[in-house]
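Numbering (the UniProt record's numbering), first residue to last: 1 to 1275. A virtual CB, placed ideally from N, CA and C, is assigned to each residue, including glycine. Quick notes on the structure that follows.
Structure (structure tokens):
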């Protein structure tokens, strides 16, 4: 019968109708679904009883104790659905296990406390459960007892009842929360008073160091707060993040609570670990009355967070106009910047209205301020999808619309990131934003649009503006790849439109992924997959990892898609590079039994193994597949005892990854070896104790004879793993079963070391010590448990260990004391205070000469640094690298600590073993202009050199900070200083390809001839070919730095071909030079003379002065050199005669019309000769080849000049390089009359094809000389 019809009948709650259809239900899974559905529908007790009897064979416990995916049994499901007590009792009488736990370790009693709100009924059912032997002290995986739940959800009567039944009131959760912490969240004074009367520690803290008062302030209950303070609770206690109760109260905006706490003497200026005051919190929450009150009480309004945010930054981030106006009226710095150089305008442009932004601009905020990522406020406005009015306003105020951020993203890229508006895009384009600009990763704005499900309107508009639809990123991703990768439900209409516009549907990424791979990986609709296949996409295409679309579908897709792909010929036995089949992936990704059965029916190999020797059954067990799937695979003959490369059985897999008692029982019943060990000697019990096991699984494995004392290669028992923050009851059970409590692992770590290392509950430590564990045991590194406790943030445990006699002065092999460890991990200040009160040596040094101050600085704990200095620690102490705390603070950019240490008199010019000052370290790491400015303002030597003769300016260039370079030079940093390796700041910048710094140095006439090394010169030229467009930038550079074009001309790099047209523009623009006379006279001149003149044309064109200079050398007496001198003189005379012949003066470089004359004359010349057979000309006279070469080159140059001279696209430059190489290759063949003798026909075809491409690219007409040559050669 149809399942939906059965459900409909059950919903009607009529037993007679149910009786008519129930016998038709045979399948086990349907029985379970029906009983669950009936309980959820709250049918009558009579129906439930009937269904259990009929469906589960009269109280067959094994059947009726099934669990859902969250491992809840029928009782737990019944309680969630608030069934009546009579139903709960019925289920118990039918054999449901009352001690069964769900995935989180909760029993039915935990569920009852949470969901049953009637106190009388709750107590009644708990009584009933106790009479049925339920364990009242049962704990969840997080160590919560039912009393924790009762304090969170219930009243005093239930709590009193549970305590009267002997429940342990001192148990703590894994987070170290007492029942009092939970009671404070429930806001019940009555419950809190009662618990305190029972002796609960009022000052107990969680692992985060939160007291119950912190919890009370979370709930904003003034009555509870007043009561706790009246009971003497420590009101100044701070959490691990240094938050006071005032911080918690400020988060909740309760003025009443804040006033009360301040009246009790709390420090109003107290700061968190991130230097946030309560005023920062109030500004984040836009609480005007709280802000007014705090300022009236004298709070410091100029304090900044660790990120250098002022309270004004916090207010601007949260869109409160009144608060912003009020704070500015109080004199806050409107242009203050954060560590990332963000102003309040940047923050305002994340979510604010145009009125707020206009107000800030009217108050003088710097509208063009740029962040460390090179972003203006306009970038922020575009990224955060602010209104058109905001963007229009910022543009109207002169924000640079073409400024790109550090990733080369334009404003349109950022607009397209987030639900783009066509109005904004059109506006930005109308204002001149370049729509074809690409990011650092080669993404167009269209790529960005496809990340965010754009409308057809936006796509059509962008394509209409000329964006290349097949443009690819650095990873070879097209727009369609982006669309499929970033959308859960991409529009088929958009896909069809892209295909109609010619997008390459078979394009592959660097990972060899087609869009079909992405469609299958991202579980896209069957319609999209069908469409792609209908368009001829390769269904069996493989990625670099050998993944086919079908393999990916088995990771992420529906049954329908898998069936369709197989029907279309997808290879069912394809394997990934890890040798995973479709079955492995189906099991790894929790696909249904129907899919697994279907794949096997289609011939998928059930016994195939991965490279790790994992069978399908291993993956089914690892991913907690249902017992039905496990049973099915075994029934199909899969080997249950197969092991992986690490010797793991399927029992290891199920115990480690998703422990299921039902599956474990089944596997053991099938004869799997329970004591099998892995390569590391770990048993299934070791694995179970590493996972999140239920108590019952541990009990079951031990009951089946697993070796409880088995040790791994590291000498660890199962108890070592259980002590890593696992439930207390498991630890207790293993100890009671006889596991040796003093067993040490290979590093000599005892159980107590592990417990302190993993922040286990306090009760575990107490228990182990009570059981006689050696409290003074040390690891191989000589660490005591006190070292571990101090590093892991629990004052309560530290105090307890010391009270038990542990040696407070013990040192590790590295000479580290407990104080060193406490300062390593931002431990609460109370631990450090306590240790110093116990007279631990504050100036003790490690083997590397580090003091506690070094550690506190390294871990950026300003509070600890201040406390240690106040207690007399040596502020100028140096480690074995001669580093002071200031060096460390500068290395890691801890500005607040830097300021504090300098204010306390630390030696600012102290040097390390490498002779580096704090400024060297500030310029090497986490470059912060603010830190550098501060250090220089305090008198640090800006030109100090380290052992390698490197100054801070060398470092700034190495780490690519133009802002810092400019600042250092403005402050007198030596620009010409050289390192021991003769490196200048320019040579370093070239090596590091720091484009902005190179531009800055060259525009400021940095001496380019210091670049002596050929490698650097070549790198320099190549770099410039990338970063300089043929535009105003290059023009300015040529004019401002006379050495630059000379350097290009001297080099043999192809870059000179790229810039030749600009050099022509800057040096030869209006020359009346014609070559007609020269060409006419070529026929009469000797070959040698023509070669000299041609050399002048091709070389002297770029720099005539340099070409002439080589002939102006002095007379040389040496005979061998004299001959060369005479040749030079002869060449000089030939060229000077040539200049006279064609009627120009020797100062022709200064003239401005040469380019047009050359082009016009040569263009006329080739037209005159266009009907001639150039093959005959070539054969007639060798001299005519020169004429031909000159014409070909001039024509190509003409084509280039007719393109946009300002065009700086990479495509044009790449083509220029390619064309230069092709021309030279072609000329070589012509000159040597070898073209027709090329042996390989294919090579001929390639040359001809390249020439056709060039012709098309430079838009030459059909009768051009190249066209004629090509026809001739092809014939």
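What residue from 888, 661 and 363 has the CA that sits closest to residue 102's CA? Looking at the Cα atoms, 661 is the closest of the given residues.
Using 7 Å as the threshold, is the C-beta distance between residue 273 and residue 242 below it? Closer than 7 Å, so yes.
For residue 9, I'd like the list of residues in its chain whose CB is within less than 7 Å of its CB, leaving aside the five on either flank, ordered along the chain. 17, 18 and 21, listed in sequence order.
For residue 997, which residues from the same chain have a beta carbon less than 6 Å from its beta carbon, with the 5 sequence-adjacent residues on both sides left out? So the qualifying residues of the chain are 957, 962, 965 and 989.
Within its chain, find whatever has a CB closer than 6 Å to the CB of residue 441; leave out the 5 residues flanking it on each side and keep chain order. Excluding sequence neighbours, residue 441 sits near 473 and 474.
Between 231, 245 and 551, which has its C-alpha nearest residue 209's C-alpha? In terms of Cα proximity to residue 209, the closest of 231, 245 and 551 is 245.
Are residue 765 and residue 786 closer than 7 Å when you measure CB to CB? No, Cβ-Cβ distance for residue 765 and residue 786 is not below 7 Å.
Thinking C-beta only, is residue 723 closer than 7 Å to residue 754? Taking 7 Å as the cut-off, the beta carbon of residue 754 is found closer than this to the beta carbon of residue 723.
Cutting at 6 Å between CB atoms, please list the residues of its own chain near residue 485, excluding the five before and the five after it. Within the same chain, residue 485 has close Cβ partners 518.
Any C-beta of chain D sitting closer than 7 Å to the C-beta of residue 287? Among the chains of the structure shown, chain D does not appear; only one protein chain is present.
For residue 830, which residues of its own chain have a beta-carbon under 6 Å away from its beta-carbon, when the five flanking residues on both sides are left out? Within the same chain, residue 830 has close Cβ partners 795.
Flag this pair as touching only if the region 704-719 and the region 152-159 have three or more C-beta atom pairs under 8 Å; answer yes or no. Per the Cβ contact rule, the region 704-719 is not in contact with the region 152-159 (fewer than 3 Cβ pairs under 8 Å).
Restricting to runs no shorter than 4 residues, where is the alpha helix (DSSP H) found entirely within the UniProt repeat "ANK" (680-713)? Unbroken alpha helix (DSSP H) stretches of 4 residues or longer found wholly inside the UniProt repeat "ANK" (680-713): 684-690 and 695-703, given in chain order.
Below 7 Å CB to CB, which residues in the same chain sit around residue 627 once its five sequence neighbours on both sides are set aside? Cβ within range, chain order: 662, 663 and 666.
Reducing DSSP to helix, strand and coil, say where residue 275 ends up. Judged by DSSP in its simplified three-state form, residue 275 adopts coil rather than helix or strand.
Pairing CB atoms from the region 37-47 with CB atoms from the region 631-638, are three or more of them under 8 Å? No contact exists between the region 37-47 and the region 631-638.
Inter-residue spacing [alpha-carbon to alpha-carbon] between residue 504 and residue 514: The straight-line gap separating the alpha-carbon atoms of residue 504 and residue 514 is approximately 10 Å.
Within a Cβ cutoff of 7 Å, which residues of the same chain sit near residue 762, ignoring the five residues on either side of it in sequence? If we look at residue 762 and ignore the five residues flanking it on each side, its Cβ neighbours are 172, 176, 796 and 797.
Assess contact between the region 365-383 and the region 326-333, defined as three or more Cβ pairs (one per stretch) separated by less than 8 Å. Is contact present? Pairwise C-beta distances place the region 365-383 out of contact with the region 326-333, as fewer than three of them are shorter than 8 Å.
So, using beta-carbon positions, are residue 549 and residue 520 closer together than 7 Å? Contact: yes.
When you compare each of 232, 237 and 249 to residue 220 by their alpha carbons, which one comes out closest? Taking only the C-alpha atoms, the option nearest residue 220 is 249.
Near residue 264, what residues of its chain come up, given a Cβ to Cβ distance below 8 Å and the 5 sequence neighbours on each side ignored? Apart from sequence neighbours up to five positions away, the residues of its chain that approach residue 264 with a beta-carbon distance below 8 Å are 229 and 235, ordered along the chain.
Starting from residue 197, trace the alpha helix (DSSP H) in both directions and tell me its first and last residue. First-last of the alpha helix (DSSP H) with residue 197: 189-197.
Assign residue 105 to one of two classes, buried (16 or more other C-beta atoms within 10 Å of its C-beta) or exposed (fewer than that). With 16 or more other Cβ atoms within 10 Å, it is buried.
Which ranges does the alpha helix (DSSP H) cover as unbroken runs of at least 4 residues, wholly within the UniProt repeat "ANK" (914-947), from first to last along the chain? Fully enclosed alpha helix (DSSP H) runs of 4 or longer: 918-924 and 929-937.
Assuming residue 527 and residue 492 make a contact with CB atoms under 8 Å, what is their CB distance in whole Å? The C-beta distance from residue 527 to residue 492 rounds to 6 Å, short enough to meet the 8 Å contact threshold.
Which residues mark the beginning and the end of the alpha helix (DSSP H) in which residue 490 is found? Here residue 490 belongs to no alpha helix (DSSP H), and DSSP marks it neither H nor E.
Checking 7 Å against the spacing of the C-beta atoms, do residue 885 and residue 853 come in under that value? The answer is yes: Cβ separation under 7 Å.
Going along the chain, which residues of its own chain have a beta-carbon closer than 7 Å to the beta-carbon of residue 771, five neighbours each way excluded? In chain order, 735 and 741 place their CB closer than 7 Å to the CB of residue 771, counting only its own chain and leaving out the 5 sequence neighbours on each side.
Does DSSP put residue 1212 in a helix, in a strand, or in coil? In this predicted model, residue 1212 has a pLDDT of only 40, less than 50, meaning its place in the structure is not dependable enough to derive any value.
Quick check: the Cα distance between residue 15 and residue 68, rounded to an integer number of angstroms? Cα to Cα, residue 15 sits roughly 25 Å from residue 68.
Residue 751: which of 774, 836, 738 and 733 sits nearest, CA to CA? It is 774 whose Cα lies nearest to the Cα of residue 751.
Measuring straight from C-alpha to C-alpha, what distance separates residue 668 and residue 846? Straight-line Cα distance between these residues: approximately 53 Å.
So residue 901 and residue 858 are in contact, right, with Cβ under 8 Å, and what is the actual spacing, rounded? The beta-carbon distance between residue 901 and residue 858, rounded to whole angstroms, is 13 Å. This is too long to meet the 8 Å contact definition.
Could you spell out where the alpha helix (DSSP H) holding residue 864 opens and where it closes? Run containing residue 864: 862-870, per the alpha helix (DSSP H) assignment.
Could you check if residue 540 is buried or exposed, using at least 16 other CB atoms within 10 Å of its CB as the buried criterion? Counting Cβ neighbours within 10 Å, residue 540 comes out exposed, since fewer than 16 surround it.
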